[in-house]
Structure formats: structure tokens, C-alpha cells
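Chains as they are written, first to last, in our numbering: chain A, 1 to 274; chain B, 275 to 715. For every residue, glycine included, the Cβ atom is placed at its ideal position computed from N, Cα and C. Below: one structure, written as C-alpha cells.
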Amino acid sequence: MQQQTMTGTPALAPGASTIPGTPLVEMRDISIAFGGIHAVDRVSVDLMPGEVVALLGHNGAGKSTLIKILAGAYKADGGEIRIKGETVPIANPRDAKRYGIETIYQTLALADNVDAAANLFLGRELVTPWGTLDDVAMEAATREVMGRLNPNFRKFKEPVRGLSGGQRQSVAIARAIHFNARILIMDEPTAALGPQETAQVGELVKQLKAEGIGIFLISHDIHDVFDLADRVSVMKNGKLVGTARTGDVTQDEVLGMIILGKCPPGARPGPGAS
Amino acid sequence: MSDIPAGGPPPAKQTVPASAPQTAPVSRLGALEVDMRFLGMVGALAIIWIVFDFLADHTFLTPRNLWNLSVQTASIAVMSTGMVLVIVMRHIDLSVGSILGVTGMVMAVFQASYLMPAFGFNHPAVWMLTLVVGIALGASIGALQGFIIAYLGVPAFIVTLGGLLVWRGAAWAVAEGKTIPLTDDHFKLLGGGADGSIGAGWSWMVCTLAILAIVFATVRARQQRKRFRFPLKPVWAEFVTAGFASLAVIAATLVMNAYTLPAALARRYAEAHGIEVPADGLFISFGYAVPVLVALAVGIVMTFITTRTRFGRYVFAIGGNPEAAELAGINTRRITVQVFALMGGLAAIGAAISTARLNSATNAQGTLDELYVIAAAVIGGTSLSGGAGTVAGAMLGALVMQSLQSGMVLMRVDTPYQNIVVGMVLVFAVFIDTVYRKRFK
């Protein structure tokens, strides 16, 4: 699909998205430092509706920190975030959710001692007209969404501590997609999964993409990335090495970006390119 | 932001596909859906009571002793309900005994020096304002400690250890160590005693209301599950659980009513109220004591808060995974302040009960209560690693602690030996709990 579009628009600048229009998300010159260490240093990335952009880099390259800024978990020291062209302040996770940004964290961020429904609705519980928790309605909604994602899921009454890795992952995914996300951040979504479940997540990504949701995907698996992503942005030591369409670069070139920080001709170089 | 139908249930005809509920119940016991841990604690309490009754020449399982036990447990039970939330959030509050001391002193002084002169003897505003002032002070102290813990980042152990000294000192400073007698007769009712009990008629009224509440809760839970076509408990199981709960209420009422005024007091009561004394003696039942009713009301409200409100859900989520709660958009700091404020307010209610029981406030009141409160919560199944605990369990834990003490008093065990036993039981109870969690969780 990517290649077909490519041949039609040969004049596109390197690293630019093939999808026209205003970007769903633009992160511009984002910086954050922890105790003098620049975890993220003037990084700019963007994401179009219905596009998957993969963020790549070694451990400690700053990918997770960058997306945690978008998710509201950290507040950036500098730079700006634009959603559909408008600059928005994101100071905490509540702000991010208000702009339709949902996150599947690498750690899953589940409260182990409560059940799937409580986790799915954590922070946005359904309440009865009297303001009390409507557990039955939440369980019903959970049964419905889990029925789509993981039809074999049965443990609705159990604390999620008692679930398998794959089941826990599906709870975390269900939480991200149930609230009509426009922007989805997936931090190593397949790390805890077997091959079959990984394929399922791949299918899900394609389906969400078709619905016009923009996805930032963080992954270590370069095959996964070339399979799912439209573009890649590579980070090294907190800086952006470059951004490229997956059709314009080879896997080896991307590995070169990750390891050496060397930007190939098909990519738009960033401040971190050597 | 997505549109969440606030409280509006999804259409009832909605089908629940793939994950359709299984119907076959696991076993007879499973069908009852009872909390095995709670049942185990009730069993342990029954054993403690029977053993003490045997060891103390059958003086333990008497209406008189059980009635006293209920009154003695009230103050600690009230505070243990708050300690559950504190410990669930992975914090601790070592200052509750001292908060009890200072709020008790302030309430007594405020009553004697300001309210009584302003409103006059036994004016109804006196007891109400005394309570309001006490609870407001307790909640403020708790909120202050919670603020230091949540926003300034000082560990709760240290903040409340400091609080233990500060508020105990403050209790002394309020009246420079003097004992302040209570003056308002209405307020004294909070302490129990013959006047502070509701008698047989009202006790049966409480009993009836409780049974109606049990039936209502059972029916409502069933309707809720029907609304979404979830698996239902078999009808016989509903009858068994509701039946046992109702029987327990009736038994408790019978015991409370079986404790009657001693003959001399009964005669005086009869004279005062102009009642004829029958030939075979006058039996005037104590019935439920006011502090016990206060404790039960606190227990119900706190159970509601922990299980049915967002606040309660957040407390447990924070205890389970503080980072996840934060990422879910929960304001964990504000919840921390609220939990400690709640604990402080409950310590003030505990102070009202214990000062009313002694008819006066002293600066030493509530000394070591923090340890009994924490022990009650922990014996009641609250996990010190956070995220797990129930209000009912903690109240039962308070009853277990008080039963041990009361039983040993009846056996004429000296105080130092009582402490040795209570200390060992606490460690043993947590050991059993650890084993239980490893095995069954």
C-alpha cells in the first residue's frame, strides 16, 4: 500500500507523510532533562490521522520519555505539542485523555488488586444517578469490549493479578481503545505476548488505522515495524536521528540509524544525525 | 474526550457475545459467594469466645460481658475503619491515639468553657457543636499530616510519629494536664451505660431495620445482575446468606436485650419513672448501647465509601499500583490528604465515645490506641503491602483484640502478661494471613 502511494507522489520531501492535511499530532522541539541529563533533546515528530509512526532506538534513547510527555505523565521543559494544528497544554494524564490521547504502557499500568472492569474504567468510572459506582454497567461494558478483543476472556471478577500476561495485555489494550481514542500510543505492545497474540495485535493496529486513528508505536522488533508502520522516527541519546517512510529505506539503513546515528539519503535528518 | 454515558446503562437488550457467562456453579460453597477470609475470622472469634468462657468459669459468654465487650470495642472499631484506608494506600498513621487525646480534651474544654455558658445546661446545641468542633479539629489535623505526606514528600511513618508526640503534647497543653469533666448529659450518652442504651423496644426496631436492609440489598443486587443478564446466585443460596445474616442480627439483639439493669438500679429507675415493680422483680433491658450503634453506623458508611464511591475505588487502585493510578489521571496527592483527614475525623469520633464513657477528658486518653487500631486492621485482613482490606474485617479485628483483653481480665491475668499475649497473637495472625495469601491468592 505504502509503495503504491509512493510511486504516485515522487516529489514528496524525505520523511514527510504521504497522507495530506493537518497533522493529528505535532511535537516540536520537545526537551526534558532529569538532573542535568537531557533525556529528550529538541525532538520533533508528527503523526497524521490513520497513520502508524514507529519510534525506534536503543534502551535509554528517550522514546518512552518522549511519549510519556505526550501522554501527560511528564511535563516537557521546552517545546510545544499541537493537536490538529492547535497548541495544547498537556500537564497531566487527564489533559492528554481529554484530547483523545490513549496510552498502552510497556508496564501496562494496571492496578493488580482490582478486576478488569475497575482497571478499564480507572479514573473515568461509570456512576449511577446517585453518584455511586455502577459496577454492573462497567462489567457489562467490559464483557462487551473484551468479547471483541479476546473472546476467551472469562475472569471478570478476579483481580488482574490472577491473569496471564496476554490477558493482562488485552485489558490494557481494551482500556486504550474503549474510550474512542484519536491518538494511540503503544509502548512495546507485544513484549509480553506469544506469536499468535502478537499477530492479533498487528491485526488490531491495521483495523484502528483504517478507522483513522493515529498510532505511535514503540517497538524493538524491526520486522514488526516494517510490517505495520508507515514511517519511522529514530532516536539516539535523546536526540532525533531522522524520520523516513518505511518504503524509502531498508531495514539495514534503519539499523544504521539506530546503532550509528547515520541518516540515509531516503530520510529527513534530525539534530541527532552524525 | 469520548462521550461516556454518565451512569446511563447500555441498552439492556444488548447481547454479551463471546464472553457469555458460564452458568454451572463451582460448588455448593462457591455458590454462596461468601468471603472465606471473613468467615474464617468469625470462626476464630467463636473459638476465642468459647475457650475464654471455659477458662474464665463461664463468665465470658454472659449477656453482661458481651454487652460490655461491645461498648469497649466501639472506639477502636470506629478508628480501625479509617486505618484500613490508610494502610490500603501503603501508608500508616501512628498519631491516632494522640489525635484522640487532643480532640477529646478540646471537646471537653470547649463544652465546659464556651458552649455551656452560651447555650445553658443540657441544651441540644451543646452536644452537636461539641461533636462538630471535635470532628473538624480531627479532620484538620489529619489533613495537615496528609498534606505534609502527599505534597512535601515526608514519609507517613515519620509525619505521624512526629504527630504522636506533637498531639499528645498538645493534649496536655490544652488544659495544662488537668482532667476536664464533661458537663452535657446528652453528650455523655455517646459513652453507653444504662442511660446511653436504647432499651429493648428500640433494639428490636434496629433489628427489624437491619433485616429489612439485608433483604433489600439482596433483592437489589439480584435485580442489578438481571438487568445485564449476568449469572445469578441460585435462589437457595440467596436465602441461606440473607437468612444467616438476619439470624446473626436477631441473636445479637437477644443478647443485648438479655442484659438487664441490676435490681437496685432497676428499682431506682422504676421510682424515677413511676413504674410499678412487679412481684417477681423488674427487668429493664439495656439493649444496644449508643456507642455501638455509632460504631455500626460508621462501619456502614465507611463500607459504602470504600466499595461504592470513586474515592474508595481510587484508594484501592493507588494501593495496588500508585504509578498506574497516577497515569490513569487520578489525583493521588489529593486522595492521600482526604484519607488522612478522614482518619483524623474518625479519631475524633473515637475521642467522643471514649471521653463520654469516662465522663471526662484526660491528656493521657488514647495512649497506645494507635497500636490497637493498626492491630485491628491487620488482624482484620488489611495487607500492610497495600491494596487489600475490608472495613468489616477491621471492625471484626477490633472485636478480636478486645475479646482477648476482656477475656484475660476475666481470667485475672495481669496487664503485662496481657500485653505479651496480645503482641504474640498479632504476630501469629499476620503469619496466618501471609500463609493464606500465598496459598489461596
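Taking 9 angstroms as the threshold (C-beta atoms), are residue j and residue i in contact?
i      : j      : result
B/D671 : B/S354 : In the sequence as presented, Asp is not what sits at residue 671 of chain B; that position holds Gly. Taking 9 angstroms as the Cβ cut-off, B/G671 and B/S354 qualify as a contacting pair.
A/E102 : A/F179 : yes
A/L217 : A/A54  : yes
A/L70  : A/A109 : no
A/I177 : A/V201 : no
B/G467 : B/A625 : no
B/A367 : B/E600 : First, the amino acid is wrong: residue 367 of chain B is Asp here, not Ala. Not in contact: B/D367 and B/E600 (Cβ atoms no closer than 9 angstroms).
B/A563 : B/S657 : no
B/M675 : B/Y710 : no
B/S634 : B/I454 : yes
A/G214 : A/P49  : yes
B/F560 : B/L535 : yes
B/G412 : B/I609 : no
B/G408 : B/M390 : no
A/R182 : A/Y99  : yes
A/L122 : B/A598 : yes
A/L290 : A/L24  : Any answer about residue 290 of chain A is impossible in this case: the structure gives chain A only from 1 up to 274.
B/A720 : B/G640 : This structure cannot settle anything about residue 720 of chain B, because the visible part of chain B is limited to 275 through 715.
A/K239 : A/V45  : no
B/A348 : B/V566 : yes
A/E80  : A/D41  : no
A/D230 : A/E51  : yes
If you reduce the DSSP assignment to three classes, tell me which class residue i lands in.
i      : result
A/L56  : strand
B/T488 : Before going on, a small fix: residue 488 of chain B reads as Ile here, not Thr. Three-state DSSP puts B/I488 in a helix.
A/T87  : strand
B/L535 : coil
B/G378 : helix
A/H38  : strand
A/T103 : strand
B/P455 : strand
B/Y308 : Going by the sequence as given, residue 308 of chain B is Val instead of Tyr. It is coil, neither helix nor strand.
B/D331 : coil
B/G470 : coil
B/M576 : helix
B/G337 : Note that residue 337 of chain B is Pro in the sequence shown here, rather than Gly. If DSSP states are grouped into helix, strand and coil, B/P337 belongs with the helices.
A/I69  : helix
A/S64  : helix
B/A298 : Because B/A298 carries a pLDDT of 45, less than 50, the predicted location of this residue cannot be relied on, and no value is offered for it.
B/S677 : helix
A/L47  : strand
A/E297 : Here chain A comprises residues numbered 1 to 274, so residue 297 of chain A is not present and cannot be evaluated.
B/I694 : helix
A/S31  : strand
B/R686 : coil
B/P596 : helix
A/P14  : coil
Closer than 9 angstroms, Cβ to any Cβ of chain A: which residues of the region 660-687 of chain B, in chain order?
When CB distances to chain A are screened at a threshold of 9 angstroms, the residues of the region 660-687 of chain B falling below it are G660, G661 and A662, in chain order.
Relative to chain A, which residues along the region 579-594 of chain B have a C-beta separation below 9 angstroms, given in chain order?
Listed by position along the chain: T581, R582, T583, R584, G586, R587, Y588, F590, A591, I592, G593 and G594.
Members of the region 595-608 of chain B near chain A, C-beta cut-off 8 angstroms
Only N595, E597, A598, A599, E600, L601, A602, G603 and I604 from the region 595-608 of chain B bring a Cβ to less than 8 angstroms from some Cβ of chain A.
Pick out the complete alpha helix (DSSP H) segments inside the region 113-178 of chain A, 4 residues or longer, and give them in chain order.
Within the region 113-178 of chain A, the runs of alpha helix (DSSP H) at least 4 residues long that lie entirely inside it are, in chain order, 116-120, 135-149 and 165-178.
Counting only runs that start and end within the region 601-665 of chain B, where is the alpha helix (DSSP H) found for 4 or more residues in a row?
Scanning the region 601-665 of chain B for uninterrupted alpha helix (DSSP H) segments of 4 residues or longer gives 606-632 and 643-653, listed from N- to C-terminal end.
Tell me whether the region 415-425 of chain B and the region 609-616 of chain B touch, counting them as touching only if at least three CB pairs, one residue from each stretch, are closer than 8 angstroms.
Contact holds: three or more Cβ-Cβ distances are below 8 angstroms.
Are the region 581-593 of chain B and the region 72-81 of chain A touching by the rule of at least three beta carbon pairs closer than 8 angstroms?
No: the two stretches stay apart, fewer than three of their Cβ pairs being nearer than 8 angstroms.
If you measure beta-carbon to beta-carbon, which residues of the region 487-515 of chain B are closer than 8 angstroms to chain A?
Residues Q498, R499, R501, F502 and F504.
Taking only runs that begin and end inside the region 356-442 of chain B, name each unbroken alpha helix (DSSP H) of 4 or more residues, in chain order.
The region 356-442 of chain B is shown to contain whole alpha helix (DSSP H) runs of 4 or more residues at 370-384, 390-393 and 398-425, in chain order.
Of the residues that make up the region 83-97 of chain A, which ones have a beta carbon closer than 9 angstroms to any beta carbon in chain B?
Listed in sequence order: N92, P93, R94, D95, A96 and K97.
Quick check: the region 356-363 of chain B against the region 658-668 of chain B, are there 3 or more CB pairs under 8 angstroms?
Segment contact: the region 356-363 of chain B against the region 658-668 of chain B, three or more CB-CB distances shorter than 8 angstroms; contact assigned.
Contiguous alpha helix (DSSP H) assignments of at least 4 residues, all confined to the region 497-568 of chain B
Note on the region 497-568 of chain B: whole alpha helix (DSSP H) runs with a minimum of 4 residues are 509-532 and 537-547, in chain order.
Enumerated in chain order, which unbroken segments of the beta strand (DSSP E) with a length of 3 residues or greater are wholly contained in the region 166-254 of chain A?
DSSP runs (the beta strand (DSSP E)) wholly in the region 166-254 of chain A: 183-187, 214-218, 231-236 and 239-245.
I want to know whether the region 473-483 of chain B touches the region 103-123 of chain A - three or more CB-CB distances under 8 angstroms.
The region 473-483 of chain B makes no contact with the region 103-123 of chain A, as fewer than three CB pairs between them are under 8 angstroms.
State whether the region 527-541 of chain B contacts the region 331-344 of chain B, with contact taken as three or more CB pairs (one from each stretch) at a distance under 8 angstroms.
Verdict: yes, contact present.
Note down, in chain order, all residues in the region 101-121 of chain A with a beta-carbon under 7 angstroms from any beta-carbon belonging to chain B.
From the region 101-121 of chain A, only Y105, A109, L110, A111, D112, N113, V114 and A118 have a Cβ closer than 7 angstroms to chain B.
For the region 122-137 of chain A, which residues have a beta carbon sitting closer than 9 angstroms to at least one beta carbon of chain B?
Under the 9 angstroms Cβ criterion, the region 122-137 of chain A contributes L122, G123, R124, E125, L126, V127, T128, P129, W130, G131, T132, L133, D134, D135, V136 and A137.
Report yes or no: do the region 163-170 of chain A and the region 125-139 of chain A share at least 3 C-beta pairs separated by less than 8 angstroms?
No, the region 163-170 of chain A is not in contact with the region 125-139 of chain A.
Counting Cβ pairs closer than 8 angstroms, one from the region 498-511 of chain B and one from the region 309-323 of chain B, do we hit at least three?
No, the region 498-511 of chain B is not in contact with the region 309-323 of chain B.
Anything in the region 49-82 of chain A with a Cβ closer than 7 angstroms to a Cβ of chain B? List those residues in chain order, please.
Result list: A73.
With three or more beta-carbon pairs closer than 8 angstroms as the criterion, would you say the region 14-23 of chain A touches the region 260-274 of chain A?
By the Cβ rule, the region 14-23 of chain A counts as touching the region 260-274 of chain A, because three or more pairs are nearer than 8 angstroms.
Interface positions of the region 11-27 of chain A facing chain B (Cβ-Cβ less than 8 angstroms), listed along the chain
Cβ proximity to chain B below 8 angstroms picks out nothing from the region 11-27 of chain A.
Hey, is the region 421-440 of chain B in contact with the region 390-404 of chain B, meaning 3+ C-beta pairs nearer than 8 angstroms?
No, they do not touch.
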